[in-house]
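**Q** Before anything else, here's the structure in question.
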Amino acid sequence: MADNIRFDVSGLDGVKAKMAQLKNEANAKGGRAALRKATAVLRAQAQSNARRLDDHETGEAIWKNIDLRWDGRAFKRDGQLAFRLGVLGGAREYGRTRENRRKRRTGQTYATDGSSSNPGGDTWYWRHGELGTAKVAARPFLRPVAEQAGQKAVDTFALEFNRALDRALAKQAKGAKK
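Residue numbers (the numbering used here): 12 to 189.
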């Protein structure tokens, strides 16, 4: 697997100038929508990869359980816009209870069984394919996604964020005229 992944982001001079004219709330709102669309590109690639791994004779489908979620904790912590891409029924994080803090488990995750209520069924075994086991070689479908569709996601983000900034500037100019 690649340790370093590089993306080419060019033509941001105009975007920086637009961002300077707007309030932070407008930047965050447009950035969140653009980031969601960019992450959807990565999700589509991950689902495509997982379809190749799925056993079509079973009722479960790993690709249906690949989802993206807003990372509210990162946003509350330092205002960072982030979405998480992963498999539903994967891992849970220890709660921030007194006992878990004392045992230094907060922030760590533990494996859980899947849930049959997930869209793709109970796909708890997805880790075996992604990470491998002592007897089965890994056949990753999530890890290569950034290499496969990363540049397309960056381009999508740049395009959508630029559109969002244009809309916000037009709205701000319209409000200033009143």
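Glycine residues also receive a C-beta, built at the ideal position from the N, C-alpha and C atoms. Note that the structure is a prediction, hence the values are computed from the model and not measured.
Just to confirm my understanding: we take His139, look at its own chain, exclude 5 residues before and 5 after, and list those with CB closer than 7 angstroms. What are they?
**A** Closer than 7 angstroms at Cβ, skipping near neighbours: Val147.
**Q** Which complete beta strand (DSSP E) runs does the region 79 to 164 hold, if anything under 3 residues is left out?
**A** 94 to 98, 102 to 104 and 120 to 122, all fully within the region 79 to 164.
**Q** Assuming Val26 and Leu142 are in contact, meaning their beta carbons sit under 8 angstroms apart, how far apart are those beta carbons, in whole angstroms?
**A** Actually they do not touch by this definition, with Cβ atoms about 38 angstroms apart.
**Q** With distance defined between alpha-carbon atoms, name the residue in Thr69, Glu158, Gln119 and Trp74 nearest to Gly106.
**A** Taking only the C-alpha atoms, the option nearest Gly106 is Gln119.
**Q** Alpha carbon to alpha carbon, how far is Asp82 from Arg109?
**A** Spanning the two alpha carbons is a distance of roughly 23 angstroms.
**Q** Grab me the residues of Gly132's own chain with a C-beta within less than 6 angstroms of its C-beta, minus the 5 sequence neighbours each way, in chain order.
**A** Counting only Cβ-Cβ distances below 6 angstroms, and skipping sequence neighbours, we find Gly70 and Glu71.
**Q** Got a sec? Which residues, its chain only, sit under 7 angstroms from Asn129 by beta carbon, not counting five neighbours each side?
**A** Cβ neighbours of Asn129 beyond the five flanking positions: Asn76, Leu99 and Gly100.
**Q** Along the chain, where does the alpha helix (DSSP H) containing Asp24 start, and where does it finish?
**A** Element bounds for Asp24: Asp24 to Gln32.
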